[in-house]
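Each residue of the sequence shown is one higher than the one before, starting from 1128 at the first, in the numbering used here. All C-beta atoms in this analysis are idealised placements derived from N, C-alpha and C, irrespective of residue type, glycine included.
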Amino acid sequence: MPSATAPLFALAEPFAPLFDPFGFGRAAADYWRDSVERSILYWDVMRQRGNEYLEHIEKTRPTVLGFDTDIVMEGETLPRPVNYELLRVHPPEGVETDELARPFVVVDPRAGHGPGIGGFKPDSEIGIALRAGHPCYFIAFMPYPVPGQRVEDVVEAEVTFLRHVAELHPDSEKPMVVGNCQAGWQIMMAAALEPELFGPILIAGAPLSYWAGERGKAPMRYTGGMTGGSWATHMLSDMGDGLFDGAWLVQNFERLNPANTWWDKQYNLYAHVDTEADRYLQFERWWGGHVVLGGEEIQYIVDNLFVGNRLSTAQLVTSDGRRIDLRNVRSPVVVFCSQGDDITPPPQALGWVRDLYDGVDDIIANEQTIVYCVHDKTGHLGIFVSGSVSRKEHAEFTANMDYIDVLPPGLYETTVSKASERPDAELIERDYLLEFSTRDLDDLNQVVKHSPEDELRFATVARVSEINLGLYRQFLQPWIRAVSTPESARWMRKMHPNRMGYRLLSDRNPMMSSLPVMAESVRKHRHELGDDNIFRVYEDIGSSLISRSLDAWRVLRDRALEKAFLDLYGQPLLQSLVGLKGAVEGERQVPGSEPERRRFIQRRQQEVREQVAQGGAHEAVMRSVIFVLGGAPATDGRNFRRLQASRSELEPELRLEDFKHLMRDQFFILKQDREAALEAIPELLKGLDAKTIDGHIEHIEHVLAASGELSEHAAARFERIKALFGKARPATRRTARRSGGASGNSSAKTSPASGTSAKRGTRQSASEASRVEGQAQAAPKADAEPADAPAAKAQARTEAKPAAEAKPETKPEAKPETKSEAKSEAKSEAKSEAKPAADAKTEAKPEAKPEVETKPVAEAEPKAAQAATPASREGGNDAEKAPAATRRRSTGSPRGQRRKR
């Protein structure tokens, strides 16, 4: 047809301006031709969709996974067989896999559609993990369940799969598990039963708290109440001869947004049929690949999750008596949700935290790390399908999973920012930066928007559902099962409206036989129309009006549904009839608020306090670095790379898993009681010499310099760490022992001075502490025996220069000319300064160390120790510096200056 009309258009073209000066006629003719061509191409795409649907559902193992795979384990061979299987995903050409890297396991949702959506294109969860070098596995499923299959069987199969993955990678860390949508709550159940098998867990768009939600949004949570509970699900399973058609679930999803289902998606294909056909067909192959669930499976899901909300309240118990409590999960949990998700809104993805925990202290005591990220606009499928989300959020989750693995227990919110838009862009290695900020339940409640009144309404729905289900089983179920057969169930699935739409528009329909020929002719002689055509503009305006009208109808429908639900199940009489009080006092008790739970929190906090002073130099260094880096309101993966650098220098032979354990413990200790943890640092360094302590300080400086200059707040924290490390120097204790063994009145008078400073540290100024400590060190240094000379020489060479330059403004004094003069001057000066100190009336204690609690005194101790070291060494220049150092130390306070004068 287009080839026959083309010559006519060519002949009429020169005369068009004469008969159509404004171009409306030409625009109308062009639009008419383009609309006809687009219509033919549109229906041909729909025909292709039907053919692909039929081809897809006839496969034994249909999947839309875009990577080559091998079957590793089949669920049908397990003691409790299921229709699941474990696949190994092969990387695309040019991508290398590190077999020692952490394995990634992706589990797709079985909520009416087939498997593969988590990896059906390169920019997907699996694609991102493969490019990062991780071994990837995929847990898929087949269209029909094994007879008698239960949800518990599926959970046990996934546990078996993960155990097998760990066996395949014995030298790697525990696998990271990604659960999309329905697979998210399934993975959380498995992790609660076998927590030791799981590494970090990412649940994307997964509903865990089904009663949660914000009024005016998430209308799907009212569906169970408006249908009278779960009896309708049971009836559909009975009509399907024990099988539940997943097309019913897909239909519920489509009803949430009628504008998109009935118009926008189809019009977008019609308007851009030349460019959108491939993307549309690729998505529809997954969306239309309906699977079947067992009747017992779907009934368990609806009764215990959708209506009963028992998972997030620790009320689920397995058939063998094990309680499924999400507080048993020991791996970090990352919750990814979106404000634009109308299937799993953020309250349903995060409400389980509030349901299980009474506060952040409860989370910390339970040693759980929970991280959540709330996207601002992407839809439900966009969370784990969108290429932009995969390149941004999922890529950053993958790159920072090791850091998430060492985060201390607590609640965190993470945000993703573009590196080029940050002031410190030159210090960021990747395109985006993932930051973590601590949160509490008050912050979480801003997202969850908990309502006790609504919770009581949903509790009423659960009771009504139990009553109606019992009535159905008593009166209707026997009749329905009597007339249902496998053949009637098969025809019922075939006649479902969602399935019929694919079958009718396929080559199996004789009326579609001429469509491929017409479409091929149009493609050869296509005349595309520009967007500036006036009639094409009118078409877009009309499409927008239709879409907005459907949206307005949806809003009206949802508001009416919500009002009916709130009015019906909010009646005190109905709540009383089902055994609930008609007031807020009937609210369910939060598991975390139980008295025994509070006692558990107190006991765990006490256990952590007892571990504060346990460890050695490794714990002290790691604790110090974490303290300095923790000074910012938010943290990111760069801190983990800093700490990894410390591992390579501090303990290179330490395994990464043990290193993470050490980091997590020190994080935990600092978070529980920061001041006690810091004050214990000198105790952890006890027994180390000054050179080793200085080496640790240099190492900390090197680690902190990994990403630029420290902020003012972090620098102040580092100064405090320096003071604590200086407090652990053995110089004070060593000189105190020597002063106790010195002969003459100098020794007798100096030791009480040291005891005085130790006992009166809280009342003494920093300058007074420096003066007294100088008296305790000057005399024994001057009287050091020749046997100590060789060791003193070596230390003097390194410390003489800092001591000599300690106070350049000090007025120079005459230097003694010989060793004897240096010794005599040092002794006499020590005697003269020890006498005022002796008047302090304290008991002599040779090894007493000043314990000054004020910060200036704490800083004065290492400085005094450094100044005293080079004093009164061997002859020559070293001997000449001893009196000067002593005088500089004594003039540190006004009293010392008066005595000097």
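Beta-carbon proximity check, residue i vs residue j, cutoff 8 Å
i	j	result
V1282	F1231	no
K1107	I1824	In the structure as shown, the chain begins at 1128 and stops at 2028. Residue 1107 is therefore absent and cannot be evaluated.
L1656	Y1169	no
W1375	G1243	no
G1340	P1472	yes
S1578	G1478	no
N1379	F1511	no
L1408	R1176	yes
I1827	V1748	yes
V1209	Q1313	no
F1585	M1353	no
E1523	Y1559	yes
S1674	A1386	yes
R1476	A1310	For the sequence presented, residue 1476 should be read as Ala rather than Arg. No, Cβ-Cβ distance for A1476 and A1310 is not below 8 Å.
Where residue i falls: helix, strand or coil (DSSP)
i	result
K1545	strand
Y1499	strand
R1730	helix
V1209	coil
D1391	helix
F1146	helix
M1200	strand
A1359	helix
D1372	strand
F1247	coil
S1674	helix
F1194	coil
K1928	Residue placement at K1928 is flagged as unreliable, the pLDDT there being 41, under the threshold of 50; the coordinate-derived value follows with that caveat. Correct three-state label for K1928: helix.
M1366	helix
M1638	helix
G1351	helix
F1325	coil
P1418	Reading the sequence as shown, one finds Val at residue 1418 and not Pro. Coil.
L1181	helix
DSSP beta-bridge partners of residue i
i	result
M1303	F1231
L1561	V1543
Y1264	R1215 and V1232
E1423	Answer by DSSP bridge pairing: none, since E1423 is not bridged.
R1566	L1538
L1443	I1451
A1331	N1307 and F1463
Residues near residue i by beta carbon distance below 7 Å, same chain, minus five either side
i	result
I1490	Y1484, I1497, P1536, G1537 and L1538
D1452	A1319 and A1441
A1293	K1301, P1302 and L1324
R1566	L1538, Y1539 and E1540
M1173	L1632
P1189	H1183, G1241, P1270 and G1416
E1556	none
A1708	Before going further, note that residue 1708 is Lys rather than Ala in the sequence given. The residues are Q1702.
6 Å Cβ shell around residue i - same chain, five flanking residues per side excluded
i	result
G1367	A1616
E1494	P1536
R1454	L1483 and N1493
H1502	S1465
K1392	none
V1444	R1450
Residue from the options with nearest C-alpha to residue i
i	options	result
F1194	V1216, P1722, D1365 and E1201	V1216
R1730	A1238, D1488 and G1369	D1488
F1151	R1382, I1661 and Q1313	I1661
D1570	M1622, C1500 and L1561	C1500
I1328	L1432, A1386, V1456 and R1437	V1456
G1202	C1464, V1286, N1625 and S1703	V1286
E1223	I1753, V1163, V1191 and R1258	R1258
G1506	S1564, F1433, A1331 and M1619	A1331
P1346	Y1427, D1469 and H1361	D1469
Same chain, Cβ closer than 8 Å to residue i, neighbours up to 5 away in sequence not counted
i	result
K1818	none
F1146	G1152
R1726	none
beta-carbon residue i near the ligand HEM non-hydrogen atom, thresh 7 Å
i	result
A1616	Among the components of this structure there are no ligands whatsoever, and the ligand HEM is therefore not found.
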